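**Student:**
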Amino acid sequence: MATDTIPTGTADSARPADGAGDPRVAYTVLDHGIARIRLSRPHRLNAVTGQLVDDLLAALRRAADDGVRAAVLCGAGRAFCSGHDLKAEPARTDAAGTRARLERIQDVTRLIRNAPFPVVAAVHGYALGAGCEFALSCDLVVAAEDTRFGFPEVGVGLSVTGGVSRLLTTAVGAVKAKELVLLGEHFDAREAQQLGLITRVSAPGRHEAVATELASALAARPPFALALAKQLIDEGLDGTVDQALTREVSAAQLTGESGEHERPRQAFAQAPAPVREGGR
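The sequence shown runs 46 to 325 under this note's numbering.
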């Protein structure tokens, strides 16, 4: 198992003054080909800065280059991610520079959705603003009972990013999405599960273990079929039913030609017949 600090993507970037010398993202390859990507600004509740975004993008790209089978995205310290760091000095730039910075934050969502492996979020403490967006862009989400979710952007004069205007609305409907975004009220893990935003609720402190168990189960599945299934569902969010039907046929042909299904088929064929009630 190897752990590395991910360098930033720009040569002239520097450590934030409030955490000089601390890694912003830690990358670890666990057993079974699972990557653990941990946000590491615990002194600021893993609040988002440009440098953290650069490091997170670098970690996601490295996971793809390493050919991992699944990834777990988590946060160090008392929170997953408390959103944008409003105490950080804002970058002085023109409109084009601002747009480029915002699109770079959105690249986190793009890389997670386009990754050929599933990404499981392990969330605890606070998952607010950009942190909530990072979590909801993942394929599966495990949240500790103590997690507080929320979209506070409107209340501080900002706007949601990360594809939330589409992903959240698809998950919970337009009326509930407007309530969550416009009012910005916090909601807990149980409500998030009831809304269909998360996969599992764990006991406090167990979120990473549960997420890693899910990642291990995913890593054990046929990787090509898994990647195609993820792609189909994500692309289904972006198109029509007819487009989904066409993509599904193409994917079914590709999985049939890959040969990955042969071992599960043989195992199923060789399994003993189930014993039915009454012995019949």
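Even for Gly, the Cβ is constructed at its ideal location relative to N, Cα and C.
Please read these numbers as outputs of a predicted model, since none were measured by experiment.
Distance, Cα to Cα, L240 vs D279?
**Tutor:** Start at 1 with the first residue of the sequence shown, and residue 240 comes out as number 195. Start at 1 with the first residue of the sequence shown, and residue 279 comes out as number 234. Distance between the alpha carbons of L240 and D279: 19 angstroms.
**Student:** What number of angstroms, rounded off, separates the C-alpha of D191 from the C-alpha of R235?
**Tutor:** Within the sequence shown, residue 191 is the residue found at index 146, counting from 1. Within the sequence shown, residue 235 is the residue found at index 190, counting from 1. Distance between the alpha carbons of D191 and R235 is about 10 angstroms.
**Student:** I need the DSSP call for L118, collapsed to helix, strand or coil.
**Tutor:** For the purposes of this step, residue 118 is identified with residue 73 of the sequence shown, where counting begins at 1. Note: L118 maps to strand in three-state DSSP.
**Student:** On the criterion of 16 or more Cβ atoms from any shown chain inside 10 Å, does G218 qualify as buried, or is it exposed?
**Tutor:** Walking along the sequence shown from the start, residue 218 turns up at place 173. Under this definition G218 is an exposed residue.
**Student:** In this structure, does DSSP put F125 in helix, strand or coil?
**Tutor:** Here residue 125 refers to the residue found at position 80 of the sequence shown. In this structure, F125 counts as coil in the three-state DSSP scheme.
**Student:** Looking at the unbroken beta strand (DSSP E) that takes in A167, where does it start and where does it end?
**Tutor:** In the sequence shown, the residue the question calls residue 167 occupies position 122. It spans 164-168 - the beta strand (DSSP E) in which A167 sits, taken as one unbroken run.
**Student:** Given a cut-off of 9 angstroms, decide if A188 and A172 are closer than it, judged by their beta-carbon atoms.
**Tutor:** Walking along the sequence shown from the start, residue 172 turns up at place 127. Walking along the sequence shown from the start, residue 188 turns up at place 143. Against a cut-off of 9 angstroms, the Cβ pair of A188 and A172 comes out as a contact.
**Student:** Spell out the partners DSSP gives D233 in its beta bridges.
**Tutor:** In the sequence shown, residue 233 corresponds to position 188, counting from 1. For D233, which the question treats as bridged, DSSP gives the partners R193.
**Student:** Under the rule that 16 or more other beta-carbon atoms within 10 Å means buried, what is V246, buried or exposed?
**Tutor:** Here residue 246 corresponds to residue number 201 of the sequence shown, with the count starting at 1. Buried, by the Cβ-count rule.
**Student:** At a cut-off of 8 angstroms, is F196 close to the ligand ZN when judged by its beta-carbon and the heavy atoms of the ligand?
**Tutor:** Looking at this structure, you won't find the ligand ZN or any other ligand, since it has none at all.
**Student:** Around the C-beta of G120, are 16 or more other C-beta atoms found within 10 angstroms, so that it is buried, or is it exposed?
**Tutor:** Mapped onto the sequence shown, residue 120 falls at position 75. With 16 or more other Cβ atoms within 10 Å, it is buried.
**Student:** On the CB-based measure, 16 or more other CB atoms within 10 Å of its CB, does K275 come out buried or exposed?
**Tutor:** Position 230 of the sequence shown holds residue 275. That one is buried.
**Student:** Check whether the segment 107-120 and the segment 146-154 touch, using three or more Cβ-Cβ pairs below 8 angstroms as the test.
**Tutor:** As far as the Cβ criterion goes, the segment 107-120 does not touch the segment 146-154, which means the pair count is below three.
**Student:** How is A216 classed by DSSP in three states: helix, strand or coil?
**Tutor:** Your numbering for residue 216 matches position 171 in the sequence shown. Note: A216 maps to helix in three-state DSSP.
**Student:** Give me, in chain order, the residues of the same chain whose beta-carbon lies closer than 8 angstroms to that of V201; leave out the 5 immediate sequence neighbours on both sides.
**Tutor:** On the sequence shown, position 156 is the one that residue 201 refers to. For V201, where only same-chain residues beyond five positions count, the Cβ hits under 8 angstroms are L131.
**Student:** Can you pull the DSSP bridge partners for S247?
**Tutor:** For this step, residue 247 is matched to residue 202 along the sequence shown. DSSP lists A189 as partners of S247.
**Student:** In whole angstroms, what is the alpha-carbon distance linking L282 and L213?
**Tutor:** For this step, residue 282 is matched to residue 237 along the sequence shown. For this step, residue 213 is matched to residue 168 along the sequence shown. The alpha-carbon atoms of L282 and L213 are separated by roughly 11 angstroms.
**Student:** So the alpha helix (DSSP H) L102 belongs to, where does it begin and stop?
**Tutor:** Your numbering for residue 102 matches position 57 in the sequence shown. From DSSP, the alpha helix (DSSP H) with L102 extends over 95-111.
**Student:** Tell me whether L242 sits in a helix, a strand or coil according to DSSP, three-state version.
**Tutor:** Along the sequence shown, one-based indexing puts residue 242 at 197. Coil at L242, not helix or strand.
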